[in-house]
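In this text, residue positions in the sequence shown follow the working numbering: the first is 12, and each later residue adds one. For glycine and all other residues, C-beta sits at the position ideal for the given N, C-alpha and C. Heads up: the structure comes next, in structure tokens.
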Amino acid sequence: MSAIRRYLPLLAAILTAAPAFADDAPKDVAIQHYAETMHIGTFEAAQRMDAERAAGKLSARLQREKPDTFAGLYIEHSPEFRIVVRFTGDASGQLSAYTKDRLYVAENAPRSLELLRATQEEVSEQLVKAGIEFAATVNIKSSIVEIYVRDPDAVRARLSKLLSVADFISIKETTGFIEPTNTVAGGRRLEGYQQQLCTAGFNVV
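The following block contains the structure:
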């Protein structure tokens, strides 16, 4: 018992010092990396990443509640951090109904995100049926659908009817496409350095 009493002061000192030591170390690698990349402090980096998560929730809500006018959301990190929310019609009025946060900026757009995605799906379906290799994406900033193919002229001929009614489809040439080199599924057993074993987490959160 006397031996235990001798070590109590040392144990108390360790426990007291632990929180201060932990605060000095980066709590999140992603926050630390973002802070270094943007040349800002870790506190501001953490605030920005919290804002990004909140913006993702707002985006999902707007897609559910205002599919006819919501035109997408994107984040600008420099020269200042801001979250741009696009709408058809009265952009400022629609955004103010959801948030008064000054980080959010309303912007007018010519067409909704729902229309852009529907057009992307139609293009994809036609090109898949034609056996044409492609990559398709929605450019929220420009409010267009971008299609990357090896032979743009051939694709324009194939999509001539759709292009005649949807002038917001941009067809661009590419010399190749991203090809996966390995498949890692959630829960898969992984072996690391010095025979350390673990399992893969979720691929997408």
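Pick out the complete alpha helix (DSSP H) segments inside the segment 35 to 82, 4 residues or longer, and give them in chain order.
40 to 49 and 53 to 76
Straight-line CA distance for V176 to P121?
To locate residue 176, count along the sequence shown from 1; it is residue 165. To locate residue 121, count along the sequence shown from 1; it is residue 110. The alpha-carbon atoms of V176 and P121 are separated by roughly 15 angstroms.
Between the C-alpha atoms of T110 and Y159, what's the straight-line distance to the nearest angstrom?
The sequence position of residue 110 within the sequence shown is 99, counting from 1. The sequence position of residue 159 within the sequence shown is 148, counting from 1. Distance between the alpha carbons of T110 and Y159: 36 angstroms.
Count Cβ pairs between the segment 38 to 48 and the segment 68 to 87 that sit closer than 8 angstroms; are there 3 or more?
no
Are Y146 and Q131 close, meaning C-beta to C-beta below 8 angstroms?
To locate residue 146, count along the sequence shown from 1; it is residue 135. To locate residue 131, count along the sequence shown from 1; it is residue 120. First, the residue type needs correcting, since residue 146 is Ala and not Tyr in the sequence shown. Result no, Cβ atoms of A146 and Q131 do not sit closer than 8 angstroms.
Going by the beta-carbon positions, is the gap between Q105 and K77 smaller than 8 angstroms?
The residue given as residue 105 occupies position 94 in the sequence shown. The residue given as residue 77 occupies position 66 in the sequence shown. It is a contact, given that the beta carbons lie within the stated cut-off.
In chain order, each alpha helix (DSSP H) run of at least 4 residues that lies wholly inside the segment 82 to 119
102 to 107
Which residue comes first and which comes last in the alpha helix (DSSP H) that contains A168?
For the purposes of this step, residue 168 is identified with residue 157 of the sequence shown, where counting begins at 1. Unbroken alpha helix (DSSP H) run through A168: P163 to R169.
Round the Cβ separation of F179 and S123 to the nearest angstrom and send it over; I've been treating them as touching at under 8 angstroms.
As a first step, residue 179 must be located in the sequence shown, where it is residue number 168. As a first step, residue 123 must be located in the sequence shown, where it is residue number 112. The pair is not a contact, with the Cβ atoms about 11 angstroms apart (cut-off 8 angstroms).
Between which residues of its own chain and P37 is the CB-CB distance below 8 angstroms, once the five residues before and five after are set aside?
By 1-based counting over the sequence shown, the position of residue 37 is 26. Because P37 sits at a pLDDT of 43, beneath the cut-off of 50, its placement in the model cannot be relied upon, and the following sentence gives the value as read from the coordinates. So the qualifying residues of the chain are Q43 and T53.
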